[in-house]
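Participant: Under the UniProt record's numbering, read the sequence shown as residues 1 to 165, first letter to last.
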Amino acid sequence: MKNRLFLICPASQTESLIKEQYGQEVFFLTALGAVFNFQEINYVETLEDFLKREAIDEVIIVSDSSCPFIKSVLEQEKGFDTKAEQVLRDLLVDNYATVMAGDSLADKKKNMAKLNIQRQADDILSNELLLSPITQSQIRIKGLVTTKEKGQLEEVKLTLKELNQ
1 MKNRLFLICP ASQTESLIKE QYGQEVFFLT ALGAVFNFQE INYVETLEDF
51 LKREAIDEVI IVSDSSCPFI KSVLEQEKGF DTKAEQVLRD LLVDNYATVM
101 AGDSLADKKK NMAKLNIQRQ ADDILSNELL LSPITQSQIR IKGLVTTKEK
151 GQLEEVKLTL KELNQ
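Below you can see the structure in the form of structure tokens.
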């Protein structure tokens, strides 16, 4: 049995969808917009301990294409001025052509979700405290875009240079 840790946005409410696909025995770590703070030392130390203690085999970064934070950024709504929205706005500015390459708003949301997942994977792997247990325990890092209203889950290919996964 695999011990999986899913990094999700609580506002997307994708826990039941994920459990339907991956089983009930999974762990969740939440952050608004699936924007985690891997620069906060106490947070990272706690996560590092959790990875070891629970013998996590896979970390799956999830972004729902209908995430309200992605929606507010793409539709230029006022939103709530959260850190998640600020990070997602920056991600959009830095990758505008890639995000807007979609034909529909749903495509653009999915493009944004994929970029958010890759950004999180890069943040995880650039943190030495997390990289060490990930490489030592051979924890796999994966990406998953969900579309909750349609009940869809799509694994996404990540570029993980440090791990060659």
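The C-beta atom is built at its ideal place from N, Cα and C for all residues, glycine as well. All of these numbers come straight from a predicted model, not from anything done at the bench.
1) Considering V145, what are the terminal residues of the beta strand (DSSP E) in which it resides?
2) In terms of residues, what are the limits of the beta strand (DSSP E) holding L29?
3) Would you mind giving the Cβ-Cβ distance between E58 and K142, rounded to the nearest angstrom? I have them listed as a contact below 8 Å.
4) Please return the same chain residues whose Cβ sits closer than 6 Å to the Cβ of N164, not counting the five positions on each side in sequence.
5) Go through the stretch 47 to 133 residue by residue and report every complete run of the beta strand (DSSP E) that reaches 3 residues or more, in order.
6) Run through the DSSP bridge pairs and tell me what I18 is partnered with.
7) Whole-angstrom Cβ separation of S66 and E149, contact assumed at under 8 Å?
8) Contact between the stretch 5 to 12 and the stretch 25 to 36 is defined here as three or more beta-carbon pairs at a separation below 8 Å; is this criterion met?
9) For the beta strand (DSSP E) holding F36, just list the boundary residues, first then last.
10) Name the DSSP beta bridge partners of V156, please?
11) So the candidates are S72, V99, F50, T98; which of them puts its Cα closest to the Cα of Q86?
Facilitator: Looking at the coordinates:
1) 140 to 147
2) 27 to 30
3) 6 Å
4) Confidence is the limiting factor: at N164 the pLDDT is only 49, short of 50, which leaves the residue's position unreliable, though a coordinate-based value still follows. If we look at N164 and ignore the five residues flanking it on each side, it has no Cβ neighbours.
5) 58 to 64
6) Answer is none; I18 lacks a bridge partner.
7) 6 Å
8) yes
9) Element bounds for F36: n/a, residue is neither H nor E.
10) For V156, which the question treats as bridged, DSSP gives the partners G143.
11) For Q86, the closest C-alpha among the options S72, V99, F50, T98 is that of S72.
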